[in-house]
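Undergrad: Dropping a structure here in structure tokens format, bear with me for questions.
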Amino acid sequence: MPDWLILTLKISAGPLLGAVIGYFTNFIAVKMLFRPKKAKYIGKMRLPFTPGLIPKRKSALAHALGNAVATRLVTATDMQNLFAGEEAATRAGQLAANALFESGKTLTIADIAGGAREKVTDVVMSEIENAARNADFTSAADSPFPPVRKMQELAYGAIKNKLVEKLPEMRPTVSARVDEIFSRPIAEQAAEFGLTQEKTAEAVAKLYSEHAAKVLADFAASVDIAALVTRKVEEMETEELESLLLSVMKKELGAIVNLGALLGAIVGIFNSLLAIFL
Numbered sequence: 035m036p037d038w039l040i041l042t043l044k045i046s047a048g049p050l051l052g053a054v055i056g057y058f059t060n061f062i063a064v065k066m067l068f069r070p071k072k073a074k075y076i077g078k079m080r081l082p083f084t085p086g087l088i089p090k091r092k093s094a095l096a097h098a099l100g101n102a103v104a105t106r107l108v109t110a111t112d113m114q115n116l117f118a119g120e121e122a123a124t125r126a127g128q129l130a131a132n133a134l135f136e137s138g139k140t141l142t143i144a145d146i147a148g149g150a151r152e153k154v155t156d157v158v159m160s161e162i163e164n165a166a167r168n169a170d171f172t173s174a175a176d177s178p179f180p181p182v183r184k185m186q187e188l189a190y191g192a193i194k195n196k197l198v199e200k201l202p203e204m205r206p207t208v209s210a211r212v213d214e215i216f217s218r219p220i221a222e223q224a225a226e227f228g229l230t231q232e233k234t235a236e237a238v239a240k241l242y243s244e245h246a247a248k249v250l251a252d253f254a255a256s257v258d259i260a261a262l263v264t265r266k267v268e269e270m271e272t273e274e275l276e277s278l279l280l281s282v283m284k285k286e287l288g289a290i291v292n293l294g295a296l297l298g299a300i301v302g303i304f305n306s307l308l309a310i311f312l
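Take a look at the structure:
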């Protein structure tokens, strides 16, 4: 074998061997973060480094993530601002207005509360009957002559009684009018009352700010974000947690493995040079 070939092998063997050792050492170290998933035993003695770091420290990792999310990423104040801020109120108003005026082009009251037609008719008829029974016609008897005024009062009283008696006959008319209102598009009826999409959005946003925002803010403040995140992480399977962490750190972990190969090669070069020249 020529001397130059021997020299080349001596110089290259160290870096190649160092790169291989460095690569697989870091590769195994990265794998040991997640594996083995359970402790291994020889008899009653647990083998060192089992289970892997992540499965072993899963509970501690869950608590750390929960505290980090709750104190730095999504605080109670953030949740309150999200649900109870001006932006949330504006968005709620826009959503309500869009739903009313877009869906309301074809949506009718009957589609939402068709079963309430008879109830509405009953309420209207009851109000008409009460108004008729409580109507005061005595003020209309204005004759200066007592006998005539008495006759007027009797006549108006008879008219009132007849009106009350005939009220049930009005029910079909009232029912038909209620059916008409129920069957017309909501947006069309809103427009007749001068209710525009912009005004609706403003009104809903105001109601949201005055009423719903406080309730939602209190609810958001009561949510224990740290406990929620901790519980969700603890409930994850080890494979699922590994997949999650690798989706974030796969590139970095791969760089660590490659760095091990590079450092092993550099160390191998120095060893080869030392072996040749010393």
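Take 35 as the starting number for the sequence shown in our numbering and just add one per residue. Ideal Cβ placement from N, Cα and C applies to all residues, glycine included. Remember, it's a predicted structure, so these values are computed and weren't measured experimentally.
(1) Taking the straight line between their C-alpha atoms, what separation do you get for isoleucine 88 and lysine 78?
(2) Which of the three DSSP states, helix, strand or coil, is assigned to proline 70?
(3) Whether or not the stretch 69-83 and the stretch 250-258 are in contact is what I'm after, with contact meaning three or more pairs of Cβ atoms, one per stretch, closer than 8 Å; do they touch?
(4) For arginine 125, which of helix, strand or coil comes out of DSSP?
(5) Touching or not, the stretch 289-299 and the stretch 46-54, by the rule of three or more beta carbon pairs under 8 Å?
(6) What's the gap between the Cα of valine 157 and the Cα of alanine 210?
(7) Could you compute how far the alpha carbon of leucine 99 sits from the alpha carbon of alanine 260?
(8) Which stretch, first to last residue, makes up the alpha helix (DSSP H) that contains arginine 265?
(9) Smallest Cα separation from threonine 155: which of Ala96, Val267, Arg205?
(10) So what does methionine 79 bridge to, in DSSP terms?
(11) Pick out whichever of Val64, Phe58, Glu121, Lys266 has its Cα sitting closest to the Cα of alanine 239.
(12) Examine chain B for any beta-carbon lying closer than 7 Å to the beta-carbon of isoleucine 45, and answer yes or no.
(13) Do the stretch 211-221 and the stretch 66-73 touch if we need at least three Cβ pairs shorter than 8 Å?
(14) Are threonine 234 and leucine 134 close, meaning C-beta to C-beta below 7 Å?
(15) Does DSSP classify proline 85 as helix, strand or coil?
(16) Assign threonine 109 to one of two classes, buried (16 or more other C-beta atoms within 10 Å of its C-beta) or exposed (fewer than that).
(17) Taking the straight line between their C-alpha atoms, what separation do you get for aspartate 213 and glutamate 244?
(18) Using 10 angstroms around the beta-carbon of asparagine 60, count the other beta-carbons present and answer buried if the total reaches 16, otherwise exposed.
(19) Just the Cα atoms here: how many angstroms apart are arginine 125 and phenylalanine 117?
(20) Can you tell me the Cα-Cα spacing of arginine 91 and glutamine 231, whole angstroms?
(21) Let's test the definition: count the other Cβ atoms within 10 Å of the Cβ of alanine 104 and tell me whether it reaches 16, buried, or not, exposed.
(22) Leaving aside the five residues before and after leucine 123 along the sequence, list all residues of the same chain whose C-beta is less than 7 Å from its C-beta, in chain order.
(23) From the DSSP secondary-structure annotation, give me the bridge partner or partners of proline 206.
TA: This is what the structure holds:
(1) Straight-line spacing of the CA atoms in isoleucine 88 and lysine 78 works out to 23 Å.
(2) DSSP, reduced to helix, strand and coil, places proline 70 outside both helices and strands of the structure shown, so it counts as coil.
(3) In this structure the stretch 250-258 does not lie against the stretch 69-83, because fewer than three pairs of beta carbons, one per stretch, are closer than 8 Å.
(4) Here arginine 125 sits in helix by DSSP.
(5) Here the stretch 289-299 lies against the stretch 46-54, with 3 or more beta-carbon pairs under 8 Å apart.
(6) Distance from the CA of valine 157 to the CA of alanine 210, rounded to the nearest whole angstrom, comes to 14 Å.
(7) Computed Cα separation, rounded: 8 Å.
(8) DSSP places arginine 265 inside the alpha helix (DSSP H), whose first and last residues are 259-269.
(9) The shortest C-alpha separation from threonine 155 is found at Arg205.
(10) Bridge partners of methionine 79: Ile76.
(11) Checking every option, the nearest Cα to that of alanine 239 belongs to Glu121.
(12) Protein chains in the displayed structure number just one, and chain B is not present.
(13) The stretch 211-221 vs the stretch 66-73: no contact.
(14) Closer than 7 Å, so yes.
(15) Proline 85 falls in the coil class under three-state DSSP.
(16) Flag for threonine 109 reads exposed.
(17) Looking at the two C-alpha atoms, the distance is approximately 34 Å.
(18) With 16 or more Cβ atoms within 10 Å of its Cβ, asparagine 60 is classed as buried.
(19) Rounded to the nearest angstrom, the two C-alpha atoms are 10 Å apart.
(20) Distance from the CA atom of arginine 91 to the CA atom of glutamine 231, rounded to whole angstroms, is 55 Å.
(21) Classification of alanine 104: buried, given that the 10 Å Cβ count is 16 or more.
(22) The sequence given here places alanine at residue 123; leucine does not occur at that position. Same-chain partners within the cutoff: Ala239, Tyr242, Ser243, Ala247.
(23) Answer is none; proline 206 lacks a bridge partner.
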